[in-house]
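A.B. asks: After the structure tokens below, expect a handful of questions from me.
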Amino acid sequence: MKKFEVYKNIRKRAMIFGLPVSLFSLMMVSIVASLLVIIFSFGPGIILGAFILNSCLYIVLIRLAKNPQPIQLTYPFPKIITNKKVTLFDYEED
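Below is the structure:
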């Protein structure tokens, strides 16, 4: 008997042009914004700059999608783990 995967799990791994859906949407927003800039300030430097910017963004997003580890901005665990109920009287400043 075949075992089928849950649809929402398939959606989590969906890839468009090698990017997850969230990063692909970021790329599309960048492309639309650069097209608006090109339309309203037409010039060869602007066109070349927008092309280079979008190409660099695509390369960065591809590398980010393949290795998401370097993004960690905060420490994943809290400094103190406790079951104590926090009240207004227990508050102390560091």
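Counting in this note's numbering, the sequence shown runs from 1 upward without gaps.
Beta carbons: idealized from backbone N, C-alpha and C, even for Gly.
Should residue 2 go down as buried or exposed, given a rule of 16 or more other Cβ atoms within 10 Å for buried?
C.D. replies: Exposed, since its Cβ has fewer than 16 Cβ neighbours within 10 Å.
A.B. asks: In terms of residues, what are the limits of the alpha helix (DSSP H) holding residue 45?
C.D. replies: Looking at the DSSP string, the run of the alpha helix (DSSP H) that includes residue 45 is 44-66.
A.B. asks: How would you label residue 61, buried or exposed, when you count the other beta carbons within 10 angstroms and need 16 or more for buried?
C.D. replies: So residue 61 counts as buried.
A.B. asks: Go through its chain and collect everything with a Cβ distance to residue 47's Cβ below 8 Å, but skip five positions before and after it.
C.D. replies: Only 38 meet the Cβ criterion.
A.B. asks: Express the C-alpha separation of residue 81 and residue 28 in angstroms, rounding to a whole number.
C.D. replies: Roughly 41 Å separates the two Cα atoms.
A.B. asks: Can you tell me the Cβ-Cβ gap for residue 31 and residue 67, rounded? I've got them flagged as a contact below 8 Å.
C.D. replies: That belief does not hold up - the Cβ atoms of residue 31 and residue 67 are roughly 24 Å apart, past 8 Å.
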